Every structure is written in C-alpha cells, then in structure tokens.
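Residue numbers (this note's numbering): 488 to 1404.
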C-alpha cells in the first residue's frame, strides 16, 4: 500500500467511526462498486458517446471579439459535442492565464448547426420577394443562373453596379478571404463593416489617428484603476471577464458608467448611474476636476500631445508655418519656447524635418498669452491648446452637470482622484457610446483625460478595441483595386434614411441639442459624395455573405424597401435563414463554424491565433459549401458565361494601371476569372487558403497548420503589435513606440491631438472636446437604447432553441416599474413600442435596474420573431453625426481609421399596453 492509499483508507475508517455504517460499504464506494450509484454510468457512457470517433478544432468566426479555441467532436460524420480547449499557455507567473475561454453561445453551436433554420440546399425564389416561396435547385443551376444575371449587370452597369459584401457574420481571415478576393477581382463595392454596424471609435481617431487602440485584456489584472464606460464585459466579454474579478482581488478600483444597473455593475467598486446620452457632460466634468486640481503630468503633455501648440486668437486656428513664411507649410506647428521666449516649430509634425517627438532643448509653455508677427508683419495674438481646453472644461463643473448626468459630484471627484493617482489606469470605451451624438466627444475627452494624467503606453490609457497587425494578407484578399466604401454613409444613402431623420428629429430641436440641423447634414453629405471616395451609388446586383442587413439597419422596413427597389439581383450566402435571406432571389447554403478550414488572429484581446480543422469524416450538412468553394464556383460559371458571349474582360476606367508610358484602365478578367481567383489552381480549397495565410503572414511565423493542430491555436509573435511590440511575457499596451521611441502619431500634428481646426469643427465650437446632446425628440418621452445581448452575437444564435429556453423565448422590453405603472403595464403584458418612424410589439419585463425615463431592449432579435415581422429597428431613425461626416482633412480622411456611425441610441419612443392574447 502506498502513502496515498493509506491516507484514503484511514479517512474512510475515520468517517465510519464518526458516522457509523459498515466500512465495507465505504470501501465499495471508493472502488466504484456501490450499486446505489450505478445510475452515474449512464452519464459516463453518454459523455463517451458524445466524444465520438473523430476530433477537430474550431472557433466561432462571428462578430465576437472573444476568439476562443474549442475542441469539436464528431460521431459517424455528425458533430456531437464541443469543449473549450483551455490549453492556452500562461505568459507570466505574475499574470492569470487566458483559460478556459468560451461562452454560452459557443457551447450550443453543435446543436445550432442542425437546427430547423439551417440552409441545406440552393434555393430560388418562386414568388414575390419576401413571400417565402422557394424552389429547390441544384448547385449547377444556381451558379449558372446567377452568373448569367451577374454578367448582364456587369455589362450594363459596370463593376460599380456590383456589391460583394461580407458582413460581420464571418470576420475570420480564412472564410472571409473568398468573398473579398472575388469582389476585388471584379472591382465590386465593398463596405466597411465596422461602420456599417456602428462600431467605429471616431473619438479615438481624432486623438490618435487610429480607431482601434488599447490593450490585451490581461492588462486589466495589472491596472490600479479601470473605467468601464458604456460597456458590460460580464455579458459581452465573457471569456475575459475573469480578469476584472482578478483585478479587484489585486487591488484595482473599478468604475462602471452605464444608465442601467447591468451585470458588470455588481462587480465594480462603484456604479455611476449616468442618464442616457449625457456621457460627454460627465467626461467634461472629469477634465474640469483633473485641471482644477492640477492632477496632470506636464512632461508627458509637453512631449506627447498638441496641448502646447499655439492657437491664433483671431482665426481660432493652429499657428502654422504658412502663417509666418510666404509659401510655408500647412503641417508644421508651433509652441512657445520658454527658454528662447519665441515661437518655435514642434518636431514630429508631418512637415518637420525631424520626425521625432523628442523636444531637445525646447521647453514648450503650457499656458499664457503670446504675440508673433506673421508673414505680412501683422501682430498675431496667441494662446495654447491647453488654455483652450481649460476654458472649455471650466463650463462643466460637476455640481452643474450633476442635474444633467444624474451622477453625484462626489462620485466623480473620487473617480478623478483614482484615475490620476493610478500607476496604471485603463479607460474602456464600449461600442454603445458612439451610437449617441455625443459619442465622438465623449471618447475624445476620455482620451484627453488619459493624456493629462500621462496614461499611455504601459501605463494604460484609452481602450476601444485592440487589433493585431496581420500584414501579408493583402495579395490574398485584395489582389486588384476595388471600391472600398463607407459603411454608415453608404447604408444611410442606400436606405433613404434622411427621410426617417427628418421625420423624427425636428430641425429646431436638432439645433438646440446638437448645434446643427438637417440642412447642415445635407450639405456635408453632398460634399462627401462629391469626393467620390466613400460612396459608389446604390448597387444593381448584390452578393451578400453572412450579413443580416435588413435586421440591423435603422427604419427597418423603410431601408429594406429602398434597398430592394434598386436591386436587379440579390443573392444571399449564409448558413441559416435569417431575416435578410427571406428577401433574396437566390439562397446559397454555406458551411458554418465547424465545417471548413479557417483561421482567425486579428482580435487583440489575447495573443492567440485560432484555427479550425474539421473532424475527419465530417459529413456536409445538406449540400453546404465553404465560402471559398462558392466563390470559386461563381468565378467558373461567370467565366463560362462570358466565354459563350465572347466577353473576355471588361474595362474599369475608374482604376488605371501603367502600361509602358501609357495609363490604361484596369481590366476585369471574366473568362480567366477562375484562374485568377485560384492563383493558377494553387488555391482551390479552404485548406489551401489557411495554409497560404500561415505561410505569408509574418506575425504567424514560424508556425504551421501542423503546429496549430496540436491544440487548435498558435501564439502570435512580436510583429503582431500595431503601435507597440507584442512582448512574449507581458500584456500588450498601445503606443509604446510613441512613448519610449518618440515615434510620431498618425495625426495631423504628429502627436495625440486635442485641437481640430477644420471649418466644421470651428463653426460648431468643437475644436476641443466639449459636450453635446442628448437629442431625445420631445414628442416621445422614453429614451430607447439596445445593449448587446447575452443570448447571441448580434443575430447569430438569437433563434437557438436552447438559448431561447434560458430567457423568455420571445422579444421583450425592459421597463422601470414606475414607468410601467404610469401606463398600467404589468409584468409579461403585450406592449406596443412606437414613435413617428414605426412600431413593434413585445412583452414587458419590469426591472428596477432600468432608468424611469428609458425603455431598454436586448439587441438583435430577428424581425421574424416579432408579431407582424416588425423588429426593434422599426422605431429607430437613421441619424448621422456632423462631426463624422468631415472628410479630406489632415488625418480625418475616409479609411478604416476614419468613418462614422449611425446614431442608433438617440431615438425616443412611447409604450402602451395592448389587449392581452
């Protein structure tokens, strides 16, 4: 008998003496022979059976930032079970590891992929659009008919008339590559999905020239102070939420700033119950306190920000080189040097010969009034950006804004002190904030609060959404120039959303709350359209991959009617029948998350690049195909149709290529399209694509698919970091290259920028962060906002039968009991939510956690889950922010780092009780 067996036996003897009972029964129990426990064997056998006869690896490539590795088990060619891999290695003994990763959505996908709404076969519409009448057809017929109609569209309207749009249903580098490559070769329109769904962080873009900045989420553990602003990580960051709890145990102070008392508030040190849409006022009060109490880092401010830059009192613009010298530069800026007592150019500006933030012998003044002579000999009165910021912040003492925000001044005082005194502080900005008109200013002001207190680099700072740099994919996804369009701008124009904006937001009210009206929006819309770089017109043919545009767009039925009215051909490629697929001309069934090779590594919440390798012998669900296979099939069919008609290629004069000394239009090959798409036959399968990515992306080197097959992931290397190296043994923080190597930022000033002198910003009084909003049309008393749901990733898994059983199983809205009582609404009542844009019907759920002047609803319910198929966006107007329409100026030029959002949370509604069924 070894020591372990002796201790076990002794414990059984002790238990027998204490509790009585035969020792033989205890021994039988220890040996697993107790007949009374035979029932456990059934569960053991079920587990063994569910683990099947084959194993693979997968992740879920939807619009979830978790990116979790799973083991997938199959039996007789059918997926039976998934389990969290939970094999991620720790990066340091000081930092909790990333395991186990996963959530309630991921764990049900083995059932989801066999649900009744799964698309199994190619379908062709046999009735009117949306009527729900379909004819099952073969893949050959589907591809041939679609190819003929695509060719009709291409020859009639050119490449600009085609949109190949891949939505947020697939955001991986593998599966997404097929649609992107096909659209690139054909010159089709491609919208930016982040702005299409309202997930742009324009406030960060103003400050840094980058929208997605921040940290890997293990950095939470190291932080002393964490602000969760408009974010609910216990629901929306489930795989990483443990870092918040661990940070609390590690001594961090956590503040949750949200209108409703959500699941994350109870884990916070303090909840700040802000009124919906008033966040910019709170942010400005925070700046007021930091400046009033001098809780600032002057050395950081001087070197890393534009706060010492000189501003002209007469024009309200930054002092530039062209003001002082004839023919001077637009992008060289000045400070007042306290040593030489003169205006001196700041190094690091784009036009400066020295591309470094190092100040050398300069000692920039942070305040004061100064004079210089301009190029014409006139005296210019000057001050600093920081003085302008102080003057603006002085308008918002917390005692004044308390009535607006609902946050007590003492709460804000404590938060300001904790933020300023923290060695490491992180300000997390949620996706919800930029869905308000104040979102840009709130985020910009939060970035300024981080700058004033020196929180940047490995001291923390603003965190919007960190992404990794996966350079090298371009030749795969974009081999030829295509029409990359603005998501929010194109959707707004395509859906005629100006009509819902004008009906819901009276001009007088807009001017009072936002400082602009519909005429101002129309003027900037026309200017942005005229640039021709962000909008290419309403498409005539649409290939839509994994996007539920008729669910997510505002003014739901209004948008759908406008969009469909211009389409001659609408093909929906997806793995399930969603609310958009119902309106298509053709449906092509795609594989889902476990069924094709895939890879995903761009999400910067952790450092692991996950891979999908289906279990051996896995049978297709119906006649589903991978996105790559579908695109290759379309390319082949289009080539055959073009060959029959004698059309070798079509010219695309909007894009030119050099041919000797001449410029010639790019040719969109049709007959040779499949050859181009497959790279001469080298890329014919989804596995080929994943292997290409792993060979060609430097951040993945030196790993191979065989390495990834051990645990379903690989660890990204140092090159994955955008503005800092990704060190192997500590969390990632943005901007270390700027803070420590003094590299300029991607802004007009070359520094963290908090003064924008664009004419629109000057006219509106937005040159520095300030407070605007909320809009809240007065005709309807309840603010309406829709936080991310726990029960789906947008509309994926929203109709899952298992998850529906864990909630109410049908759409419901949250109401404060006082709000409900005033309208004679009881728990579970059918209610009508309405305004002048539209209405929908749901059930009432009474919750004290909801503000009395608000109506809240989990987002992403499918319209077909509502009575009358009218979803929650039926009552949301399509509103644009004037600031986000600015284009073609400095670092504010349309790109993935500067695009806008539709302001989905500014609409207001009323609610009334209906007759109960």
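C-beta atoms are modelled at their ideal positions from N, C-alpha and C, and glycine is treated no differently. These figures come from a predicted structure and were not determined experimentally.
So what's residue i in DSSP terms, helix, strand or just coil?
i	result
residue 535	helix
residue 793	coil
residue 822	strand
residue 557	strand
residue 930	helix
residue 1410	In the structure as shown, the chain begins at 488 and stops at 1404. Residue 1410 is therefore absent and cannot be evaluated.
residue 832	strand
residue 1081	coil
residue 1154	strand
residue 1330	strand
residue 975	helix
residue 743	strand
residue 528	helix
residue 695	helix
residue 1248	helix
residue 1141	strand
residue 1323	coil
residue 1382	strand
residue 1035	coil
Measure the beta-carbon distance from residue i to residue j and round it to whole angstroms, keeping in mind my assumption that it falls under 8 Å.
i	j	result
residue 631	residue 1124	5 Å
residue 1345	residue 1274	7 Å
residue 1026	residue 542	43 Å between Cβ atoms; not a contact.
residue 1055	residue 802	So it is not a contact: roughly 51 Å between Cβ atoms.
residue 654	residue 954	Not confirmed; about 18 Å, so no contact.
residue 571	residue 587	4 Å
residue 1322	residue 1396	5 Å
residue 1342	residue 1320	7 Å
For residue i versus residue j, is the C-beta distance shorter than 7 Å?
i	j	result
residue 747	residue 941	no
residue 1230	residue 1238	no
residue 944	residue 1209	no
residue 1139	residue 646	yes
residue 964	residue 1384	no
residue 1234	residue 875	no
residue 684	residue 1390	no
residue 1117	residue 1180	no
residue 934	residue 698	no
residue 1257	residue 928	yes
Exposed or buried, residue i, counting other C-beta atoms within 10 Å across all chains shown (16 or more means buried)?
i	result
residue 1169	exposed
residue 979	buried
residue 868	exposed
residue 1100	buried
residue 1078	buried
residue 638	buried
residue 1339	exposed
residue 1092	buried
residue 535	exposed
residue 828	exposed
residue 1149	exposed
residue 1041	buried
residue 613	exposed
residue 845	exposed
residue 715	buried
If you measure from the beta carbon of residue i to each beta carbon in chain D, is any gap under 7 Å?
i	result
residue 1053	The question asks about chain D, but that chain is absent: this structure has only one protein chain.
Q: Tell me, please, whether the segment 1378-1390 touches the segment 1070-1079 by the rule of three or more beta-carbon pairs shorter than 8 Å.
A: They do not touch, by the three-pair rule.
(Q) For the pair the segment 701-721 and the segment 1156-1163, tell me if three or more CB-CB distances fall below 8 Å. (A) The segment 701-721 vs the segment 1156-1163: no contact.
Q: Decide yes or no for the touch test of the segment 557-574 against the segment 1103-1110: beta carbon pairs closer than 8 Å, at least 3 of them.
A: yes
Q.
Any contact between the segment 1195-1212 and the segment 748-759? By contact I mean 3 or more CB pairs, one from each, below 8 Å.
A. no
Q. Quick check: the segment 870-889 against the segment 771-778, are there 3 or more CB pairs under 8 Å?
A. yes
Q) Counting Cβ pairs, one atom from each stretch, are 3 or more of them under 8 Å apart for the segment 575-594 and the segment 1039-1055? A) no
Q. Between the segment 991-1003 and the segment 1053-1067, are three or more C-beta pairs nearer than 8 Å?
A. no
Q: Would you check if there are 3 or more beta carbon pairs closer than 8 Å linking the segment 792-810 to the segment 1287-1302?
A: no
Q) Would you call the segment 1140-1153 and the segment 1110-1124 touching, i.e. three or more CB-CB distances under 8 Å? A) no
Q. At a cut of 8 Å, does the segment 606-614 reach the segment 723-734 through at least three beta carbon pairs?
A. no
Q. On the three-pair Cβ rule with 8 Å, is the segment 966-973 touching the segment 1346-1362?
A. no
Q. Three or more C-beta pairs closer than 8 Å, one from the segment 1323-1337 and one from the segment 1013-1021: is that the case here?
A. no
Q) Would the segment 1280-1292 and the segment 1357-1370 be scored as touching if the rule is three or more Cβ pairs under 8 Å? A) Segments in contact, no.
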